[in-house]
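Peer 1: If you read the first sequence in this note's numbering, its first letter stands for residue 505, the second for the next number, and so on.
C-beta: ideal position from N, C-alpha, C; glycine also.
Quick caveat, the model's predicted, so the values are computed rather than measured.
This structure is in structure tokens; I'll ask about it shortly.
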Amino acid sequence: MEENLVIVESPAKAKTIEKILGKNFLVKSSFGHIRDLDKKDFGVDINNNYQPNYIISEDKKKVVSDLKKCAKSAKTVWIASDEDREGEAIAWHLMEVLHLDPKNTNRIVFHEITKEAILKAIENPRLLNKDLVDAQQARRVLDRLVGFEISPVLWKKVKPSLSAGRVQSVAVRLIVDREREITNFLSVPFFRVNAVFLVPEKNGKVSLLKAELNNRFDTAEAAKSFLLKCKGSDFTIADIVTRPAKKSPAAPFTTSTLQQEASRKLGFPVGLTMSLAQRLYESGKITYMRTDSTNLSNEAIGAAKKKIIGSYGEKYVKIRQYKTKVKGAQEAHEAIRPTYFDQEEVEGTPQEQRLYSLIWKRTLASQMADAEIERTTVNITVSKATELFVASGEVLRFDGFLSVYMESTDDESGNEDEKGMLPVLSVNQKLLPDHIQALERFSQKAARYTEASLVRKLEELGIGRPSTYAPTITTIQQREYVVKEDREGVERTFLTLILRNGMIGEEVKTEIAGAEKSKLFPTDIGLVVNDFLVKYFEPIVDFNFTASVEKQFDEIAEGQLVWNRMIDDFYQPFHVKIEDALTNSERARGERILGQDPATGKLVSAKIGRFGPFVQLGEAVEGSDEKPQFASLQKGQSIETISMEEAIKLFELPRDLGEFEGKKVIVGIGRFGPYVRHDGNFVSLKKDIDDPLTVTIERAIELIEEKRENTIKSVIKTFGEDPEIRILEGRWGPYISFKKDNYKIKKGTDVQALSFADCKMIIESEGVKPKTNKKRGK
DNA sequence: CAGTGAGCGAGCTTCCGCTTGACTT
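Okay, here's the thing in structure tokens:
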């Protein structure tokens, strides 16, 4: 029996700490929170001062009974949950649930898992901070009130199973706002002028000097008249300025910056980054991966220093402590860093290795010297014009941290020229242009959010926590408020004017613009829900709502405000809004009238229905048999932006192609894309080859016959006893097909040897398949 | 599982933050 029981939040942490403390200490983990508000009956008693009703979560019952047992037999219990609001609440719940006696219970905290820090914590126990616990209760209750009162309004007024919340609804709003900003953006063309000069070198070779004009032109005429002036001009170097500059390394990783860099440099979605980091953490390779702190322990800094001196030399070292500047940071942990700096690489999957390497480099670089750069700017005058050409170059004098790591940016413009060394130049030197080019460019619309850039924005606004960034992104996609998609760009033309050998040439070129990869787009449901929330609950989806309640939580934590008073002040006006929305709002369908169909004069509109967004041609008239025509919107189309032409096209499907073998051939678009239907069978059209609007009967027959052939090929075995049982070759290998259901065959089975009886057994052992709801998981 | 776009109205859905599993696709 151990004398001391230490309780921490994470089991991996428990293992490490047990090693440090040695015998006499049993270290256990609570696996995070052990209790939460009851989900039935709201969990908060509105009429009794917002009394929370906590219950032990189903998956924590075992943990709790184990902890109870250990606590009973220990002389002293040390509660070492994190030193933040949530950690303090976990400590309090543990006290309550385990019935711990304050006399032999100590609350301790540390921010890093080092022997020094832990021993120091043991020497400085403190009492539970009930004010901090109350701040957490206020946070928890507020989130429950918001989520569980608004969501049911959405079920009634928009669609069942939807959700709203303090965090997720703002995340959606950011994406909706950005999309509308992009829709309304008017791209303006302008002309950028570049020159390439020829510079003779001493060795007889000629090198090129690229320069950009310090002025842009609004029209092709203005650009052209400037080129005309250049035609008879002298170009002279007016001055050369060389200035030293510095680049500093970025701070060590927090959860949010790790997600951003892994997205930019490695292309990982935030969920993947977190699960890889979890594995690295559990195997002891990195420190805790859910943190908002950029702090490194002294031990870590020492180890980094040693590694830098060993690999790069003394002058590459520069010890830095980074201040966390993010709103509402609670800093219960260290930054995300490698546990051992001498491990440049680790074992594991390629993805784990790449993420580890990123963390290793970033952390090491953070303790390295600035890079020293010499930046040279050359101004070149044009004798017949007032504008200047500017050439600039960079020379790296000392690489410093750059020898290890360089942070990436979200900038997608792609016009960051590689700035290299300039040729040897002197003031008053005359230059000969090889050519001067005016290029039509377009003002840039705002960039759509990626998962990672949305996380950055949320963090900036102080909304959400390191443990919730990735789950929030998942939630808003699961609710189908937002989709992550690639979109193809559109072709656009641009004009180039080029002056060479005294002649001005003109050429119209084309490029693809606006292509998107893995960006977040709002769906029609997302738009409708967002507009509904903005209309009836503006204060809640205000970008500053979290910041303002956080202020009040801080006051509670400081003992200056009573938590249920704060909640009451919030709830009274909030609940009035709920009632108002329930009684005064129309059902929200996001309806938009597109106008009159030019062919029939009937009304064309777009709205949300039971099965998603659709367009409608004509209206239902009472007493008349005539029904309106409906068609679902396709992927990438939106109620808000669909045009009359696009809508009319949708009504052209399904299309009757004619007959084949005496049965009708119909082409249409279904949930899985364009298809041909014939005699009850469906055949998908080939992506990028067939267009449902133009596909011919001949091509359709070709597809039907191709599918027949494939179906025959996929049959591995049939049985005379029952033709409905067949063994087929599918996408994931052989399987058994019986009536409408499919059954798995265990890996490694000799398929040819399966008998009719074997198959029947497999089918029976799986039983009748329950209908699973794929969308929601769980 | 592919077309639909109401109706009866039972019983269900839902929040944010702490933590890890046990899972198929």
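Return the residue from the list VAL894, ILE1097, THR759 and ILE1267 that minimises the CA-CA distance to VAL745.
Peer 2: For VAL745, the nearest C-alpha among the options comes from VAL894.
Peer 1: Buried or exposed for HIS603, please, with buried defined as at least 16 other CB atoms from any protein chain shown within 10 angstroms of its CB.
Peer 2: Burial call: exposed.
Peer 1: With a 10 Å radius around its C-beta and 16 neighbouring C-beta atoms as the bar for buried, classify THR1215 as buried or exposed.
Peer 2: With fewer than 16 other Cβ atoms within 10 Å, it is exposed.
Peer 1: Restricting to Cα atoms, I'd like to know which of ASP1046, LYS1111 and GLY1009 is closest to LEU1031.
Peer 2: Taking only the C-alpha atoms, the option nearest LEU1031 is LYS1111.
Peer 1: Please report the residue range of the beta strand (DSSP E) in which ALA895 lies.
Peer 2: Segment 892 to 902, the beta strand (DSSP E) holding ALA895.
Peer 1: What do you reckon, is the C-beta of TRP659 under 7 Å from a heavy atom of the ligand SAM?
Peer 2: In the structure shown, the ligand SAM is absent, as is every other ligand, since no ligand is present at all.
Peer 1: Helix, strand or coil for HIS1182 per DSSP?
Peer 2: Reduced to three states, the DSSP call for HIS1182 is strand.
Peer 1: Out of VAL987, PRO1043, ARG996 and GLU1010, which has the shortest C-alpha to C-alpha gap to LEU1024?
Peer 2: Looking at the Cα atoms, VAL987 is the closest of the given residues.
Peer 1: Can you list, in chain order, the residues of its chain whose CB lies under 7 Å from that of THR843, leaving out five sequence neighbours each side?
Peer 2: For THR843, where only same-chain residues beyond five positions count, the Cβ hits under 7 Å are GLY788, LYS789, ILE790 and THR791.
Peer 1: Considering only C-alpha positions, which residue in the set ASP563, GLU600 and THR609 is nearest to ASN508?
Peer 2: Of ASP563, GLU600 and THR609, the residue nearest in Cα terms is THR609.
Peer 1: Might you give, ordered along the chain, the residues of its own chain that have their beta carbon closer than 8 Å to the beta carbon of LYS735, omitting 5 neighbours on each side?
Peer 2: Excluding sequence neighbours, LYS735 sits near LEU1003, GLY1006 and ILE1008.
Peer 1: From ILE884 to GLN834, what distance separates their C-alpha atoms?
Peer 2: Rounded to the nearest angstrom, the two C-alpha atoms are 53 Å apart.
Peer 1: Run through DSSP, which three-state label would LEU943 get?
Peer 2: The answer is strand: DSSP assigns LEU943 an E or B state.
Peer 1: Residue range of the alpha helix (DSSP H) that ALA621 falls in?
Peer 2: Taken as a continuous stretch (DSSP letters only), the alpha helix (DSSP H) holding ALA621 covers 619 to 627.
Peer 1: Considering only the alpha carbon of each residue, which of ASN557, GLY547, LYS527 and ALA575 lies closest to SER533?
Peer 2: Among ASN557, GLY547, LYS527 and ALA575, the Cα nearest to that of SER533 belongs to ALA575.
Peer 1: So LYS576 is in the alpha helix (DSSP H); what residue range does that whole segment cover?
Peer 2: Here the alpha helix (DSSP H) through LYS576 covers 565 to 576.
Peer 1: Are the Cβ atoms of ILE550 and VAL601 separated by less than 8 Å?
Peer 2: Contact: no.
Peer 1: Mark THR976 as exposed unless 16 or more other C-beta atoms lie within 10 angstroms of its C-beta, in which case mark it buried.
Peer 2: Counting Cβ neighbours within 10 Å, THR976 comes out buried, since at least 16 surround it.
Peer 1: In terms of residues, what are the limits of the alpha helix (DSSP H) holding TYR973?
Peer 2: Counting along the chain, the alpha helix (DSSP H) containing TYR973 begins and ends at 973 to 982.
Peer 1: Would you decide whether ASP796 is buried or exposed? Buried here means 16 or more other CB atoms lie within 10 Å of its CB.
Peer 2: Classification for ASP796: buried.
Peer 1: Grouping DSSP H, G and I as helix and E and B as strand, with all else coil, what is ARG783?
Peer 2: ARG783 falls in the helix class under three-state DSSP.
Peer 1: Compute the Euclidean distance between the alpha carbons of ALA836 and PRO1077, then round it to the nearest angstrom.
Peer 2: Going from the Cα of ALA836 to the Cα of PRO1077 covers about 35 Å.
Peer 1: Using a Cβ-Cβ cutoff of less than 8 Å, which residues in the same chain neighbour LYS865 once the five nearest sequence positions on both sides are dropped?
Peer 2: Counting only Cβ-Cβ distances below 8 Å, and skipping sequence neighbours, we find VAL908 and TYR909.
Peer 1: Which class does PHE614 belong to by DSSP, given the choice of helix, strand or coil?
Peer 2: Coil at PHE614, not helix or strand.
Peer 1: What whole-angstrom Cβ distance do PHE905 and PRO753 have, given they're in contact under 8 Å?
Peer 2: The pair is a contact, with the Cβ atoms about 4 Å apart (cut-off 8 Å).
Peer 1: Quick one: what's TRP582 bridged to in DSSP?
Peer 2: The partner list for TRP582 (beta bridge, DSSP) reads VAL510 and ASN610.
Peer 1: Taking 8 Å as the threshold, find out whether the stretch 849 to 858 comes into contact with the stretch 713 to 730 through three or more Cβ pairs.
Peer 2: Too few Cβ pairs lie closer than 8 Å, so no.
Peer 1: In angstroms, rounded to a whole number, what distance separates the CA positions of VAL645 and ASP1183?
Peer 2: If I take the Cα positions, the gap works out to 58 Å.
Peer 1: Within a Cβ cutoff of 8 Å, which residues of the same chain sit near ILE812, ignoring the five residues on either side of it in sequence?
Peer 2: For ILE812, where only same-chain residues beyond five positions count, the Cβ hits under 8 Å are TYR820, VAL821, LEU868, GLN871 and MET872.
Peer 1: Buried or exposed: which applies to VAL928, given that a residue is buried once 16 or more other Cβ atoms fall within 10 Å of its Cβ?
Peer 2: Its Cβ having fewer than 16 others within 10 Å, VAL928 is exposed.
Peer 1: On the three-state DSSP scale, how would you describe PHE1041?
Peer 2: Coil.
Peer 1: Drop a sphere of 10 angstroms on the beta-carbon of ASN1034, count the other beta-carbons inside from all chains shown, and report buried for 16 or more, exposed for fewer.
Peer 2: That one is buried.
Peer 1: To the nearest angstrom, report how far apart GLU995 and GLY1018 are at their CA atoms.
Peer 2: Rounded to the nearest angstrom, the two C-alpha atoms are 9 Å apart.
Peer 1: Can you have a look at PRO1102 and say buried or exposed, based on whether 16 or more other CB atoms are within 10 angstroms of its CB?
Peer 2: Answer is exposed; the Cβ neighbour count stays below 16.
Peer 1: Figure out for me which residue from VAL657, ALA578 and PHE739 has the closest Cα to the Cα of THR1087.
Peer 2: When each option's Cα is compared against that of THR1087, the closest is VAL657.
Peer 1: What number of angstroms, rounded off, separates the C-alpha of LEU690 from the C-alpha of VAL674?
Peer 2: C-alpha separation (whole angstroms): 26 Å.
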